[in-house]
Each structure stands twice: as structure tokens, then as C-alpha cells.
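Student: Numbering follows our numbering, with no gaps: position 192 of the sequence shown is 195. Below is a structure I'd like to ask you about.
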Amino acid sequence: MIPRRWLLALALAAGAVAGGTYLAADRRADVVVAGRDIAVPRPLTREDLELRSVAAALVPEDAVRSLDVAVGSVPRAPLMRGQLVLGRAIAPDVSELRSGLPLPRGQRAVAIPVRAVDAVGGAILPGSRVDVLSVPVLGRAPAGRTTELLIAGAAVLDVRGEAGGALVQSDAKTQAVTGDRIASVVIAIPMEDEIRFADRIATSTFVLALTATK
């Protein structure tokens, strides 16, 4: 027969385990969420954000825990009301590119003027990868220059319209009202190619070929 004191010890141990499990499950953590919809990337203010307490077990490692960390930063993509703000989804500075895609370190952003028919019918989006073909313009390009592949697999950072702003290709109604069309595609190029691209922009037209993303 098991002594009574051992039964009491087992009961206390079981109670401690159950209590610890309950406390772990009930533990809370503060996280920052969007207090309203934010469609266009811009510096966040305190009015844009809320601090909420949620179950700690559900909080991603990258979640922003302090309003001071998030205020003044810029979301890389639109935020929906109630959406959790993640560290990897915000940047310290405003980007002139509506896509919010960062320019890779050591590279330069350059706008290639194109028409929709020369850019896969306009089916180019930020994040796409493209080959850029340069076609010399008669009378502007040096004699003997032929069509050349300027760069292969360049990252598209943004797509711009004739009005000069970002082309909102996902909003057909907006485009129908404004009549905006694709005018240029912003791509990332190696720093050493800046001069070559500047020369070709002045003397060529361009054709973009869509490639598989990496």
C-alpha cells in the first residue's frame, strides 16, 4: 500500500504541472497592429497604430512589440486594419517606389522608357525579372550598333505611368478614369553599368522579356 505522504506529494506535483501549463497558455504579450487601413506607403504615426495584448504563444518572433519602434517607419506594403506589424515589413525611410521593394545594396535604380507592346503587353509588375534588349534608333545611335542584350534577369522595382506616378495596374477602374498607361519600368542595375544605360536610353528603344523569378 502506498503511504499517504507519497500520494500527497504526487497530488501536489500534478497540481504544479497543471498550474504551470495553465499559466503558460494564458501568458499574454503586447504587439503592434495597424489601427486603420494604410494603402499608400508613408511614415506611420501613433494614430495609425494600436497596441494589443494577445496570447504569447501566437506572437511571431518578428512582431513589433513597441509603438516607439513602429512610429516613423514606412510599411513596405499596404496594411489592413488589425494587421500585425512585423519588423521585416517596415523600413526606416520613405521609398519613392510605390512597390516598397528595396534597392539591393551596391546597385542603382534606373527607369527604362517602354511602351506596353514592348513590355510583354504591359504584363510587368514590381518583383518581376526581365531581360532588357536595346534596339538602336537610326540617326541617334552610332553606325554599326546592333540590337544587344543590356542585362539579363534584372529585378523590376516599380512600373510607372505616363502621368509620372506609379501605375496602379491592379485597379482597372482607376486606370479607366485616368487613362494612364505604362511609360517606364524601374529596374535595378549594377553600379558599373550606369553610364552604358544612360547612353542607350538616349540612343535606343527597349524591349523587355519576362523571365522566371529567382
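Positions of the beta carbon are idealized from the N, C-alpha and C atoms, including for glycine. Every value quoted in this text rests on a predicted model; they were computed, and no experiment measured them.
Measuring CB to CB, does Ala-119 end up less than 8 angstroms from Ser-187?
Tutor: What you label residue 119 is simply residue 116 of the sequence shown in a count that begins at 1. What you label residue 187 is simply residue 184 of the sequence shown in a count that begins at 1. Contact flag unset, no.
Student: For Ile-204 versus Arg-111, is the C-beta distance shorter than 8 angstroms?
Tutor: Residue numbering aside, residue 204 sits at position 201 when the sequence shown is read from its first letter. Residue numbering aside, residue 111 sits at position 108 when the sequence shown is read from its first letter. Against a cut-off of 8 angstroms, the Cβ pair of Arg-111 and Ile-204 comes out as no contact.
Student: Look at the alpha carbon of Leu-82 and the alpha carbon of Ala-37, and state the distance between them as a whole number of angstroms.
Tutor: The residue given as residue 82 occupies position 79 in the sequence shown. The residue given as residue 37 occupies position 34 in the sequence shown. If I take the Cα positions, the gap works out to 7 angstroms.
Student: Looking only at DSSP bridge pairs, what is Asp-134 linked to?
Tutor: The sequence position of residue 134 within the sequence shown is 131, counting from 1. Asp-134 pairs with Ala-212.
Student: What whole-angstrom Cβ distance do Leu-128 and Val-88 have, given they're in contact under 8 angstroms?
Tutor: Numbered from 1 along the sequence shown, position 125 holds the residue referred to as residue 128. Numbered from 1 along the sequence shown, position 85 holds the residue referred to as residue 88. That belief does not hold up - the Cβ atoms of Leu-128 and Val-88 are roughly 25 angstroms apart, past 8 angstroms.
Student: Which residue wins for smallest C-alpha separation from Thr-208, given the options Arg-163, Ala-32, Phe-200?
Tutor: Along the sequence shown, read from residue 1 onward, the residue named residue 208 stands at position 205. Selected option, being the one with the closest Cα: Phe-200.
Student: With a threshold of 8 angstroms on Cβ separation, who are the neighbours of Ala-157 within its own chain once the five nearest residues in sequence on each side are excluded?
Tutor: Locating residue 157 in the sequence shown gives position 154, counting from the first residue. Excluding residues within five positions, the ones whose Cβ falls inside 8 angstroms are Arg-132, Val-133, Asp-134, Val-135, Ile-190, Ala-191, Ile-192.
Student: Put Val-180 into one of helix, strand or coil per three-state DSSP.
Tutor: The count along the sequence shown starts at 1 and reaches residue 180 at position 177. A caution first: Val-180 carries a pLDDT of 39, below 50, which makes its placement in the model unreliable, though a value can still be read off. In this structure, Val-180 counts as helix in the three-state DSSP scheme.
Student: Determine the burial state of Ser-56: buried for a count of at least 16 other Cβ atoms within 10 Å of its Cβ, exposed for fewer.
Tutor: Taking the sequence shown and counting its residues from 1, the one referred to as residue 56 is at position 53. Flag for Ser-56 reads exposed.
Student: With the cut-off set at 8 angstroms, would you say Leu-213 and Val-123 are in Cβ contact?
Tutor: The count along the sequence shown starts at 1 and reaches residue 213 at position 210. The count along the sequence shown starts at 1 and reaches residue 123 at position 120. Yes, Cβ-Cβ distance for Leu-213 and Val-123 is below 8 angstroms.
Student: Which residue from Glu-195, Ala-144, Ala-32, Ala-73 puts its Cα closest to that of Pro-63?
Tutor: Here residue 63 is taken as the residue at index 60 of the sequence shown, counted from 1. For Pro-63, the nearest C-alpha among the options comes from Ala-32.
Student: Quick one: which unbroken beta strand (DSSP E) runs of 3-plus residues sit fully inside the segment 87-119? Chain order, please.
Tutor: Fully enclosed beta strand (DSSP E) runs of 3 or longer: 110-116.
Student: Distance, Cα to Cα, Asp-71 vs Arg-39?
Tutor: Locating residue 71 in the sequence shown gives position 68, where the first residue counts as 1. Locating residue 39 in the sequence shown gives position 36, where the first residue counts as 1. Rounded to whole angstroms, Asp-71 to Arg-39 spans 18 angstroms at the Cα level.
Student: Does the beta-carbon distance from Val-74 to Val-34 come in below 8 angstroms?
Tutor: By 1-based counting over the sequence shown, the position of residue 74 is 71. By 1-based counting over the sequence shown, the position of residue 34 is 31. Going by C-beta atoms, Val-74 is not nearer than 8 angstroms to Val-34.
Student: Report yes if the C-beta distance between Val-162 and Leu-153 is below 8 angstroms; otherwise report no.
Tutor: Indexing the sequence shown from 1 puts residue 162 at position 159. Indexing the sequence shown from 1 puts residue 153 at position 150. Going by C-beta atoms, Val-162 is not nearer than 8 angstroms to Leu-153.
Student: My understanding is that Asp-51 touches Arg-91, with C-beta atoms under 8 angstroms, so please give their C-beta distance in whole angstroms.
Tutor: Locating residue 51 in the sequence shown gives position 48, counting from the first residue. Locating residue 91 in the sequence shown gives position 88, counting from the first residue. At roughly 18 angstroms, the Cβ-Cβ gap does not stay under 8 angstroms, so Asp-51 and Arg-91 are not in contact.
Student: Residue range of the alpha helix (DSSP H) that Asp-71 falls in?
Tutor: Within the sequence shown, numbered from 1, the residue matching residue 71 stands at position 68. Looking at the DSSP string, the run of the alpha helix (DSSP H) that includes Asp-71 is 70-73.
Student: Secondary structure at Val-140, three-state DSSP: helix, strand or coil?
Tutor: For this step, residue 140 is matched to residue 137 along the sequence shown. DSSP places Val-140 in coil when its eight states are reduced to three.
Student: Please go through the same chain and pick out, in chain order, the residues whose beta-carbon is closer than 7 angstroms to the beta-carbon of Thr-48, but skip the five residues on each side of it.
Tutor: Within the sequence shown, residue 48 is the residue found at index 45, counting from 1. Closer than 7 angstroms at Cβ, skipping near neighbours: Val-74.
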